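Visitor: This is the structure, below, for whatever I ask next.
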Amino acid sequence: SAIKQIASGRFGVTSHYLSEADELQIKLAQGAKPGEGGELPGPKVDAEIARIRHSTPGVALISPPPHHDIYSIEDLAQLIHDLRHANPFARISVKLVSESGVGVVAAGVAKALADHILISGHDGGTGAASWSGIHYAGMPWELGIAETHQTLVLNGLRERVVLQVDGQLKTGRDIVIGGLLGGQEFGFSTVPLIVLGCVMMRKCHLNTCPVGIATQDPVLRSKFQGQPEHLLNYFFLMAEEVRTYMAALGFRTFAELVGRSDLLKVDSSNLNT
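Under this note's numbering, the first residue of the sequence shown carries the number 1409, and numbering increases by one thereafter.
Quick look at the structure:
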């Protein structure tokens, strides 16, 4: 992967791992389960994964919450400094979760000299996340990206960083709304998996994925039917939809619409009365 993640206690992070990346992403939080660490169950840790992660086959790999040893912006700035020395050519990104107050945190991240900030919404994520994390934590990506963009503008920091947003984006309309709220880049995970054949069984952590995506079982992996052309077709159609909205709004380039929240209107029919 061109993007390598760094988080507290993440197995397999070495100097070689860091040097082979175009972007190094510091994972301060996860959108689908903010405040929780990662876990790769023992049955999924086969010989190959154990070798890559410098562990033992069959032993569960449990990480602490991503932010547990970063107590201040100074700690984050030191980590960014260290990563720049590990790979001077990589873009340094910080992943934050969409929550009330994320704009203030993002301002600190910009002052810590990060190049890129990712705001992750509460939707999406992996099927392995616990139900308590999925349903009772985090906020919609729209609120997080809007607050982050506005806070950075007010503090004169917006030009320092590139803003990315994710959280189960599905359509060209989502992309245009994200851009109007301040997003410049967009992350996709859930929808591409569905395009490749995922049926949302939410069994990713059990190694029993029936369509051969989230499993190391060679028998189940043989059932995978996804093709690169499926993804290409999906993203081409999405880009065409984005271009249609841009034309309707009178924009020639996507950069022109970034931050133009004045073009958004509240649909009163969706308000609770």
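Glycine included, each C-beta is placed from N, C-alpha and C at the ideal position.
Remember, it's a predicted structure, so these values are computed and weren't measured experimentally.
1. Just reading off the alpha helix (DSSP H) that H1524 is part of, what are its end residues?
2. By alpha-carbon positions, which one of L1565, L1639, L1491 and S1463 ends up nearest to V1517?
3. Could you have a look at Q1469 and say whether DSSP puts it in helix, strand or coil?
4. Between which residues of its own chain and G1667 is the CB-CB distance below 7 Å, once the five residues before and five after are set aside?
5. Given A1647, which residues of its chain have a CB within under 8 Å of its CB, disregarding the five upstream and five downstream residues?
6. Can we say the stretch 1614-1633 touches the stretch 1446-1453, given the rule of at least three CB pairs closer than 8 Å?
7. Figure out for me which residue from A1410, E1567 and K1578 has the closest Cα to the Cα of W1549.
8. Could you give the C-beta distance for H1530 and S1506, rounded to a whole number, given that I count them as a contact under 8 Å?
9. Pull up the DSSP beta-bridge partners for K1435, would you.
10. On the criterion of 16 or more Cβ atoms from any shown chain inside 10 Å, does D1574 qualify as buried, or is it exposed?
11. Taking S1528 as the reference, which of L1504, V1570, I1457 and K1611 has the closest Cα?
Guide: Per the coordinate set shown:
1. Where H1524 is concerned, there is no enclosing alpha helix (DSSP H), although the beta strand (DSSP E) around it starts and stops at H1524 to S1528.
2. Cα-wise, what sits closest to V1517 is L1565.
3. At residue 1469 the sequence reads Leu, which differs from the Gln that was named. In the three-state DSSP reduction, L1469 falls in the strand class (E or B).
4. Taken in chain order, the residues that qualify are H1557 and G1590.
5. Take A1647, set aside five residues on each side of it, and the residues of its chain with a beta-carbon closer than 8 Å to its own are G1580, in chain order.
6. Judged by Cβ distances under 8 Å, the stretch 1614-1633 makes contact with the stretch 1446-1453, as three or more pairs qualify.
7. The shortest Cα separation from W1549 among A1410, E1567 and K1578 belongs to K1578.
8. The pair is a contact, with the Cβ atoms about 6 Å apart (cut-off 8 Å).
9. Beta-bridge analysis with DSSP links K1435 to K1503.
10. By the 10 Å Cβ count, D1574 comes out buried.
11. Taking the Cα of S1528 as reference, the smallest distance to any Cα among L1504, V1570, I1457 and K1611 is reached at L1504.
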